[in-house]
Amino acid sequence: MLVLGIETSCDETAIGLVNSDGDVLGEAIFSQIEIHRQHGGVVPELASRDHLKKLAPLLEEALPPGALPRIDAIAYTQGPGLIGALMTGAVFAHSLAWAINKPAIGVHHMEAHLMVCGLQQKDLSLPYLSLLVSGGHTQLVEVRGLGDYHLWGETLDDAAGESFDKVARMLGLDYPGGPEIERIAQQGQAGKFEFPRPMSQHKTLDFSFSGLKTKVLRTLEGQPADPQLFADVALEFQSAVIDSLMTKCVQALKQTGLKQLVIAGGVAANSYLRERAQLLQEDGVRVFYPPKELCTDNGTMIAYTGLLHLEAGATPDALPLVRARFPMDEIGSAFSH
Ligand code: KG4
Ligand code: ZN
C-alpha cells in the first residue's frame, strides 16, 4: 500500500509518501515561521492562507515522477489544530482523492507523533509508555494497540513546548523557542540559578510548567540583557523542564510496570532530553525516539498513521472531517475497526 500524508494543523505545510514496508518515498515541508515571527506567534488566518498557497507546489516537490497514479490512499490531519488550517488540508486531500479515485482518511495529529517512532524502530513492541511532548500537549500515554491509548497524566497548565516558547520570548529569542533555548544553553554555566521542579513531589502523573515560567520571569526582572546570564537561565530552565519530564516518566514506568519508553513530539528533538532518557536503559528500560526531523511536525507521520489504520481495516471518510479539539481517547471510536 502507498499512502500520501498531508499535514496542515498549525504552521507547517508538510507532505509525505510512505509504503507498507515503511519506506519514505517522498517528503516536502514548508515552515511558516518567518510569516508568524513578526507577529510573535501563529496567526490562524495567515496560516490557512499560506497552506492553500503551498499545498500544490509541495505536492509536486514531494512526489517522485509517475507516483500519483500509484497512490492507494490519502491521509490528512483531522485534528487537533487550528480549524481553518486543518480545513485547507482536509479539503485538498479529499479533492485529490476524488480526482484520482482513491479514498481519503483523517488522522489524529498526536497519534501520528506517537506512531511515527515505529516507522524505523521495528523492535518496539506493544504495550509501551509514551511521553508526548509538543507545543500544545504534554502527556504520558500507554499505547496498548492501534487506537487503544490510556492517558496516565498530562499537563495541568502550559505544555512543555509552550513553556520553552514563552521563556524564549522572555530571553529575546525567536519562535519556536525550544531549539533556540537548547542552542544558547550550551554556553550556560550550571548552578547559577535554582528553579523549581514542579509536581515532582506529587504522586499523580500530571505535569505543570506555568509556575516555572513565572519563576524565570521574576528572576529576569531588573537584570541586564546579558548573553551569559541569559545562557545560564536557559540552561537551568531546560534542566528543570527535563528533570520534571523524566521524574514523571520514571514514576509512570514503575507504576505501570512497562519496560519501553517512546519519546515523541517536537520537544523530543531536544538533545538533552534524549540523553537523559537514554540513561533509563541502565535500569532495564528500552528507550526509543524518532529521528529529530520526524519529531517536529511532518507529513510522513500522517501518511504512516493513515497507512496503519487502513491496513487495520479502518473505513475512509466520505467527507472532509476536521476537529479543532480531539482528545486521544476518542480516536478508537472514530474508526470502525
Ligand atoms: O510537535 P511540534 O512540531 O508541533 C506541535 O504539534 O505542537 O512541536 C513544536 C514544539 C514547539 O513548542 C517547539 O519549541 C518545541 O516543540 N521544540 C523543542 C525543540 N524543537 C522543537 N523544544 C525543546 N528543544 C528542542 N530542540
Ligand atoms: Zn505536532
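The number in our numbering is simply the position in the sequence shown, starting from 1, with 26 added.
The beta-carbon is built from N, C-alpha and C at its ideal position, and this holds for glycine as well.
Comparing C-alpha positions only, which one of the options sits nearest to residue i?
i, options, result
"E168", "G198, E137, A303, P70", "E137"
"Q212", "M27, Y102, Q254", "Q254"
"H62", "K229, C36, Y330, L51", "C36"
"L172", "E180, L85, A278, M141", "M141"
"V276", "D232, L85, D258, L89", "D232"
"I41", "A340, G332, D355, R223", "G332"
"I100", "D309, A130, H176", "A130"
"L279", "V259, F235, W178", "W178"
"G291", "G66, A266, I59, K318", "K318"
"V267", "P224, L155, E247", "P224"
"L78", "E86, I55, T114", "T114"
"R75", "D47, F118, E208", "F118"
Quick check on DSSP: helix, strand or coil for residue i?
i, result
"D76", "helix"
"V167", "strand"
"Q64", "coil"
"L49", "Checking the sequence, you will find Asp at residue 49 rather than Leu. Correct three-state label for D49: coil."
"L108", "coil"
"F219", "coil"
"R300", "helix"
"Y315", "coil"
"F56", "strand"
Return the CA-CA distance between residue i and residue j, expressed in angstroms with no decimal places.
i, j, result
"M272", "D323", "23 Å"
"L336", "Q281", "33 Å"
"A111", "K218", "42 Å"
"A249", "A185", "Reading the sequence as shown, one finds Gln at residue 249 and not Ala. Their Cα atoms are separated by approximately 26 Å."
"V29", "F221", "46 Å"
"Y330", "L320", "11 Å"
"L299", "A88", "31 Å"
"L345", "G203", "36 Å"
"M354", "P83", "32 Å"
"D174", "Q215", "43 Å"
"H120", "K229", "46 Å"
"Q64", "P91", "37 Å"
"D49", "L145", "8 Å"
"T181", "E262", "20 Å"
Can you check DSSP and say which residues form a bridge with residue i?
i, result
"H120", "None; H120 has no bridge partner."
"D191", "Answer by DSSP bridge pairing: none, since D191 is not bridged."
"L320", "For L320, which the question treats as bridged, DSSP gives no partner whatsoever."
Next on the checklist: Three Cβ pairs or more, each shorter than 8 Å: is that satisfied between the region 342-355 and the region 94-108?
Outcome noted: With the cut-off at 8 Å, the region 342-355 and the region 94-108 touch.
Next on the checklist: Taking contact to mean 3 or more Cβ pairs, one atom from each stretch, closer than 8 Å, check whether the region 142-153 and the region 125-134 are in contact.
Outcome noted: By the Cβ test, the region 142-153 is not in contact with the region 125-134, since fewer than three Cβ pairs between them sit closer than 8 Å.
Checklist entry - Between the region 187-194 and the region 232-248, do at least 3 Cβ pairs fall closer than 8 Å? => result Because the criterion of three Cβ pairs below 8 Å is met, the region 187-194 and the region 232-248 touch.
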